[in-house]
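See below for the structure under consideration.
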Amino acid sequence: PYLIEHTKPNYDYIIRGSAATSLGKIGGDQAVTALIELLQNSSTVIDAAEALATIGDQRAVEPLIAAIKRTSDSFTLKHLKQAYKTLTGQEYPE
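Residue numbers (the working numbering): 1 to 94.
Below, the structure written as structure tokens:
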């Protein structure tokens, strides 16, 4: 609960990103839910995607696809597509 609380928007993006990374190591239903929410924010999307890929929960696939589709930044896209590949075992279809 402590880490999940630190993913909320009232915390600095650095704190939210660090919480996301830690949640990726811990896993669990609450972590996945919080990380999926972090995919909505451009400042935490990479940390959230990588954490979700580490957890490997398939509930993250559709939200990750949505994040990929709304992202135009090439650096972010590279990381999101790598997270997709880790999560699904497949390259993201272009």
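For glycine and all other residues, C-beta sits at the position ideal for the given N, C-alpha and C.
Could you tell me the distance, in whole angstroms, from the CA atom of residue i to the CA atom of residue j?
i, j, result
"I68", "P1", "28 Å"
"Y13", "I55", "21 Å"
"P63", "L38", "10 Å"
"K25", "A51", "7 Å"
"K78", "A49", "11 Å"
"S18", "E94", "30 Å"
"S72", "V61", "19 Å"
"G27", "R59", "13 Å"
"L87", "Y11", "27 Å"
"T104", "K85", "Any question about residue 104 goes unanswered here, given that the chain covers just 1 to 94."
"N41", "P9", "9 Å"
"L23", "G89", "21 Å"
Count the other CB atoms, across all protein chains shown, that sit within 10 Å of the CB of residue i; report buried if there are 16 or more and exposed otherwise.
i, result
"E91", "exposed"
"D29", "exposed"
Taking 7 Å as the cut-off, decide whether the C-beta atoms of residue i and residue j are in contact.
i, j, result
"A96", "A53", "Given that the chain is displayed from residue 1 to residue 94, the structure contains no residue 96 and the question cannot be resolved."
"T44", "R70", "no"
"I65", "A34", "no"
"T21", "D47", "yes"
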